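S.K.: Dropping the structure in here first, questions after.
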Amino acid sequence: MGLMERLFARTGKIAWGVHPDERKRPVADLPLARLPLPRRLFLPLQQHIGSAARPVVQVGQQVAKGQLLAAAHGEFSAPLHAPTSGRVAAIEDITAPHPSGLPCPAIVLEADGEDRWGERLPTCDDPFKLSPGEIARRVADAGIVGLGGASFPSAVKLALSQRSAVATLIINGGECEPYLSCDDRLMRDFADEVVDGVRIVLYAVGASRALVGIEDNKPEALAAMREAAKPFASIEIHAVPARYPMGSEKQLIQTLTGKEVPAKGRPADVGVLVHNVGTARAVHRALRHGEPLIERIVTVNGGALERRGNLLVPIGALVEDLLAFCKLAFAPQRSLARLVMGGPMMGSLLPHARVPVVKGTSGVLALTADELPAITPGPCIRCGYCSKVCPMGLLPLEIAARVHAGELTAAETCGLTDCMGCGCCAYVCTAHIPLTQYFQHAKGELAAQQRIKLRQQHGKRLATARAERLAREAKEKAAIAAARKAARNAAKAAAAAQAVASEEASA
Amino acid sequence: MITAVLSLTLLGVALGLMLGVADRFFAVAVNPVIAQVEGLMPGSQCGQCGFPGCSAAAAAIVGGAAPVTACGPGGKTLAAALAAKLGVSLDLNAVVDSGPKQARVAEEICIGCCRCGSACTSDAILGASKQIHSVLTEVCNGCGNCVERCPTEALKLQPVPVTLTHWVWPKPVAA
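Here is the structure:
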């Protein structure tokens, strides 16, 4: 810890991050609405980090709400369930909700409008009688992934904590991204369910206490959560300063516990596990009510919309359906300039509106030209604002200069791998340099180089294996030939001996 | 007879010792860099560089007879690694690297002649006689040996398709 951080730690101020215009209200104060059930749902097989799920249904099959559509494949994976009843119309490639606009395989479900539940997952009245392993298994079966945005399979995290001791469970209610208020709404409307989910997760990981971190710009959510958590001494609700990126795992841990997660390390290294509030509620719904993860709250916001708000959306609904429900504005000065999935800081640009809402979608933003930043980059004037705001304590200007020069390895030694892409540096950059894009590009290039390296090593192993196999086969062939020759010679000698013997006998 | 045996044994031991000593003291030093460079090469012995196998190519590159960009399948990454190893300056932007490639069989033209399979340096081609052949894309290293052997031009090298996990953000246009 440097001198400045020490000083800031004492004064209780935070030395990193930015505070962009929140723009969360009035959307956060509007009651939760439900999106009318779309006629078709598009469910990508990969909505999580890890390997894609494998379909277990046939095209044309009738499925009930909550029925398993695709099973988890491998250790890092999550299953997929039907968000409503209907018919599997197709299993085909659709556009992924990703800036590249590349296709991804998905199950297309045609809703029959009945919304008829099938068999639910096993429920239990007292989850605290189950073993932690059983809870992790049920969470895995419910297809729950981290709802904060990273979409890491939650059960893997629960199981991971059984291997390394977790002293503190942190529940992330930070929601630091501007525009988004889905977690705020969730905590206001379902505080009891969130707290129950926290208790279950707390029991499953064997931690002694849970700290719920909520930014102080959400007083209603704080009050609701405090009320719900009153009977439980092990759950503490903490107001944390509203500062972007407070909702980032490492920053929240540091603010709440004072511990710093080491570079390239995981929160488990400091005895902490972090789950999102939405994930906690999903765990409650799965264990108490047997509901798999088939819907979520999505903030629909942005200047280009007539109607904004938080919607309960079935997974697989198209962004187009959301925009149709919220109606794009007619006025030319409010025309749609950019569609973003997630928050404006870290969300991903959408190629068009015909992409589905997935498990990790926290918001859909329809932004007007006025809401977009200036994009004509100038030369770096070395003002150093970027390094001041970087929550990881990096020097973004130095890293970007190296990436710009094509020196990726040098960028890596400058700490590129510790960058989490929060975008604070690009937000404050006086020269409007797209710093985050430089870092994303460099990370992708480095990963590609690593893949090529692995591929070449793999190829080399195969080539050696082939050479060995050819040598072995040649040897075996020679041995067989030699054995045959020996057998032939022996037969010849035997025949000769017999001939001699018969000659002698005849003589 | 004992004299003969003894003298021959002595002679053998003495000559053996001499050979051993000569091996130790008069050893011709093989440039160890060649072995290191060979370690960096793909090792598929495809021969596209014009040298018989990767060790000959490594010797040529170290000796200066071939440029560091000689290896096609190795691409830009290998060229950069070799340049760093040998201390050669290299303009990476000038290196033409169309990215990783892999072979694909046009199934409607394949006649199942089995010539490609025996030419494959990494056993990436599956197929029996008079059956349509197929390339295991995970295994194919894109050396292109099979393409030359195919009598019907059913085999072609194609760029590895870009998927969501492979996609890379483009570099920002310079300020």
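Keeping their order, the protein sequence lines are chains W and L. With this note's numbering applied, the first sequence covers 97 to 603. With this note's numbering applied, the second sequence covers -10 to 164. No residue lacks a Cβ here, since even glycine has one placed at the ideal position from N, Cα and C. Every value quoted in this text rests on a predicted model; they were computed, and no experiment measured them.
Do the CB positions of asparagine 268 of chain W and glutamate 323 of chain W come within less than 9 angstroms of each other?
M.R.: no
S.K.: Pick from L/Val136, L/Cys139, L/Cys129, L/Lys160: whose alpha carbon is nearest that of serine 180 of chain L?
M.R.: Residue numbering for chain L in the displayed model covers -10 to 164; residue 180 of chain L lies beyond these limits and cannot be assessed.
S.K.: What are the uninterrupted segments assigned as beta strand (DSSP E) that are 3 or more residues long and contained completely in the segment 404 to 451 of chain W, given in chain order?
M.R.: 405 to 410, 432 to 437
S.K.: If we call anything under 9 angstroms between Cβ atoms a contact, is tyrosine 523 of chain W one with threonine 395 of chain W?
M.R.: Contact flag unset, no.
S.K.: Can you say whether threonine 375 of chain W is buried or exposed, counting buried as having 16 or more other CB atoms within 10 angstroms of its CB?
M.R.: buried
S.K.: Would you give the residue range spanned by the alpha helix (DSSP H) that phenylalanine 138 of chain W belongs to?
M.R.: No alpha helix (DSSP H) holds phenylalanine 138 of chain W; the beta strand (DSSP E) holding it covers 136 to 140.
S.K.: Is histidine 177 of chain W buried or exposed, if buried means 16 or more other CB atoms sit within 10 Å of its CB?
M.R.: buried
S.K.: Taking isoleucine 331 of chain W as the reference, which of W/Glu356, W/Thr264, W/Ile145, W/Glu271 has the closest Cα?
M.R.: W/Thr264
S.K.: Mind listing the chain A neighbours of proline 193 of chain W? Cutoff is C-beta to C-beta under 9 angstroms, in chain order.
M.R.: Chain labels in this structure do not include chain A; the protein chains are W and L.
S.K.: By DSSP, does serine 532 of chain W sit in helix, in strand, or in coil?
M.R.: In the sequence as displayed, the identity of residue 532 of chain W is threonine instead of serine. The answer is helix: DSSP assigns threonine 532 of chain W an H, G or I state.
S.K.: In this structure, does DSSP put methionine 97 of chain W in helix, strand or coil?
M.R.: With a pLDDT of 43 at methionine 97 of chain W, under the threshold of 50, the modelled position of that residue is not reliable, and the figure given next carries that caveat. DSSP places methionine 97 of chain W in coil when its eight states are reduced to three.
S.K.: Using three-state DSSP, classify serine 123 of chain L as helix, strand or coil.
M.R.: Residue state, collapsed to three classes: strand.
S.K.: Could you check which residue in W/Thr180, W/Met437, W/Arg498, W/Ala261 has the C-alpha nearest to that of tryptophan 213 of chain W?
M.R.: W/Thr180
S.K.: Can a CB atom of chain L be found closer than 9 angstroms to the CB of asparagine 585 of chain W?
M.R.: no
S.K.: Could you please tell me which residues of the segment 110 to 137 of chain L, in chain order, have their CB closer than 7 angstroms to any CB of chain W?
M.R.: Thr110, Ser111, Asp112, Val128, Asn130
S.K.: For histidine 448 of chain W, count neighbouring C-beta atoms within 10 Å of its own C-beta (all shown protein chains included) and say buried if the count is 16 or more, exposed if not.
M.R.: exposed
S.K.: With 9 angstroms as the threshold, decide whether the Cβ of threonine 560 of chain W is near any Cβ in chain L.
M.R.: yes
S.K.: Buried or exposed: aspartate 279 of chain W, going by 16 or more other Cβ atoms within 10 Å of its Cβ?
M.R.: buried
S.K.: Evaluate glutamine 429 of chain W with the Cβ neighbour count: other Cβ atoms within 10 Å of its Cβ, from every protein chain shown; 16 or more gives buried, anything less gives exposed.
M.R.: The residue in question, glutamine 429 of chain W, is exposed, as its Cβ has fewer than 16 Cβ neighbours within 10 Å.
S.K.: Quick check on this structure: which residue in W/Ser304, W/Ala586, W/Glu210 has the alpha carbon closest to the alpha carbon of phenylalanine 133 of chain W?
M.R.: Reading off the sequence, residue 133 of chain W comes out as leucine, not phenylalanine. Comparing Cα positions, the closest option is W/Glu210.
S.K.: Alpha carbons only, please: which of W/Lys355, W/Ala567, W/Asp285, W/Pro195 is nearest the one belonging to threonine 154 of chain L?
M.R.: When only C-alpha atoms are compared, the closest one is W/Pro195.
S.K.: Considering only the alpha carbon of each residue, which of W/Arg339, W/Thr532, W/Glu402 lies closest to valine 123 of chain W?
M.R.: W/Glu402
S.K.: Which residues does DSSP pair with aspartate 312 of chain W in a beta bridge?
M.R.: Its beta-bridge partners do not exist; DSSP assigns none.
S.K.: Going by CA-CA distance only, name the one from L/Val77, L/Ala46, L/Val94 that's closest to cysteine 139 of chain L.
M.R.: Here the closest residue by C-alpha is L/Val94.
S.K.: Using CA atoms only, rank isn't needed, just tell me which of L/Val17, L/Ala117, L/Val124, L/Thr66 is closest to cysteine 103 of chain L.
M.R.: That would be L/Ala117, whose Cα lies nearest to the Cα of cysteine 103 of chain L.
S.K.: Determine which residues of the segment 194 to 207 of chain W have a Cβ less than 7 angstroms from any Cβ of chain L, and write them out in chain order.
M.R.: His194, Ser196, Leu198, Cys200
S.K.: Pull up the CB-CB distance for proline 193 of chain W and leucine 446 of chain W, whole angstroms please, since I reckon it's below 8 angstroms.
M.R.: 6 angstroms
S.K.: Would you mind working out which of W/Leu490, W/Asp285, W/Val114 sits nearest asparagine 406 of chain W, comparing C-alpha positions?
M.R.: W/Asp285
S.K.: Residues of the segment 521 to 534 of chain W with a CB closer than 8 angstroms to any CB of chain L: list them in chain order, please.
M.R.: Among the residues of the segment 521 to 534 of chain W, those with a Cβ less than 8 angstroms away from any Cβ of chain L are Ala527, Ile529, Pro530, Gln533, Tyr534, in the order of the chain.
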